[in-house]
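Residue 1 is where the sequence shown starts when you use UniProt numbering, and the numbers rise one by one after that.
Below: the structure, in structure tokens.
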Amino acid sequence: MSADSAARGQQTRARLLDAAVQLIVEEGWSAATTRKIADRAQVRPGVVHYHFGSVTDLLVEASLDAVRRELDRMLVLFSENGSAPGGLGEMLATVAGYPSDDPLTVLMTEAVLAATRIERLRTELADLLGRWRSATAQWLEEQGVEDAEATATVLGAAIDGLVLHYMLDPGLRSTPLAAPIMRMAGLTPEGAVPSMPPDD
């Protein structure tokens, strides 16, 4: 295969992934058919199966790719900030900035529902979230937070919950949540909460 052919193949694959994401968001997982994806990507239906074993494989790959990129972006918010409170504040501001019809939020919701039926999707989503928790725990530990692994798990669950609540009730975005989330994570505006001395 020539370099030009390989490049065209990669471009076609990228168009199919983008089309799949768009249709999942607009019409739902089950409505994203081979023909609709092909029409959106402006290719013949047979091209879908040339690049992917099935339309389900395409939907899974498209969802995982989008989730992976967003989780990586969230981790950058942590790593680029010099303090735990600052990094967490940046993350909460990003979450609060998602519109109620945010495509990524809709995609994540559809993917989680589909993961209850598709084992590969469930396994790989769990792996991505596990990697996010591990990286977050390491970062929290570097900031002096105790029980960093458990804190990262609770923090991730809280952020997921906030995304869901914001989607259903956009008015909650004006509620100041940084302080209680920081307390839950064992943080103050200055950094990690000091350990309490043992009782005598």
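For each residue, glycine too, the CB sits at the ideal point set by N, CA and C.
In whole angstroms, what separates the C-alpha of residue i from that of residue j?
| i | j | result |
| --- | --- | --- |
| Gln11 | Glu27 | 24 Å |
| Arg183 | Arg120 | 36 Å |
| Gly130 | Val112 | 15 Å |
| Arg13 | Leu58 | 9 Å |
| Arg173 | Ala96 | 6 Å |
| Phe78 | Thr94 | 12 Å |
| Asp4 | Ile24 | 30 Å |
| Trp132 | Leu71 | 7 Å |
| Pro197 | Pro170 | Below a pLDDT of 50, predicted positions are generally treated as unreliable, and Pro197, at 45, falls in that range; no measurement from the model is reported. |
| Ile118 | Gly87 | 34 Å |
| Ile37 | Ala135 | 35 Å |
| Glu124 | Ser100 | 26 Å |
| Arg68 | Thr109 | 15 Å |
| Trp139 | Leu17 | 32 Å |
| Val141 | Leu177 | The sequence shown places Glu at residue 141, not Val. Looking at the two C-alpha atoms, the distance is approximately 22 Å. |
| Ala114 | Ile181 | 30 Å |
| Thr116 | Arg122 | 7 Å |
| Gly156 | Arg73 | 14 Å |
| Leu47 | Glu146 | It is Val, not Leu, that sits at residue 47 in the sequence shown. Going by the C-alpha atoms only, they are around 52 Å apart. |
| Gly89 | Arg8 | 42 Å |
Around the Cβ of residue i, are there at least 16 other Cβ atoms within 10 angstroms (buried) or fewer (exposed)?
| i | result |
| --- | --- |
| Tyr166 | buried |
| Val76 | exposed |
| Thr175 | exposed |
| Gln143 | buried |
| Ala148 | buried |
| Ala179 | exposed |
| Ala185 | buried |
Among the candidates the options, whose CA atom is the shortest distance from the CA of residue i?
| i | options | result |
| --- | --- | --- |
| Val163 | Ala32, Tyr98, Leu64, Gln42 | Tyr98 |
| Leu168 | Val106, Val21, Glu70 | Val106 |
| Ala6 | Gln22, His51, Pro45 | His51 |
| Leu104 | Gly89, Thr123, Ala62 | Ala62 |
| Asp65 | Asp147, Ala19, Gly87 | Ala19 |
| Val43 | Arg68, Ala158, Thr136, Arg15 | Arg15 |
| Ala152 | Ala41, Thr116, Leu187 | Leu187 |
| Arg40 | Ser54, His49, Gln22 | Gln22 |
| Ala161 | Leu92, Val145, His49 | As written in the sequence, residue 161 is Gly, which differs from the Ala given in the question. The shortest C-alpha separation from Gly161 is found at Leu92. |
Could you name the residues that DSSP lists as bridge partners for residue i?
| i | result |
| --- | --- |
| Leu58 | Per DSSP, none; premise fails for Leu58. |
| Leu88 | Answer by DSSP bridge pairing: none, since Leu88 is not bridged. |
*Decide if the segment 29 to 48 is in contact with the segment 56 to 71; the criterion is three or more beta carbon pairs, one per stretch, under 8 Å apart.*
yes
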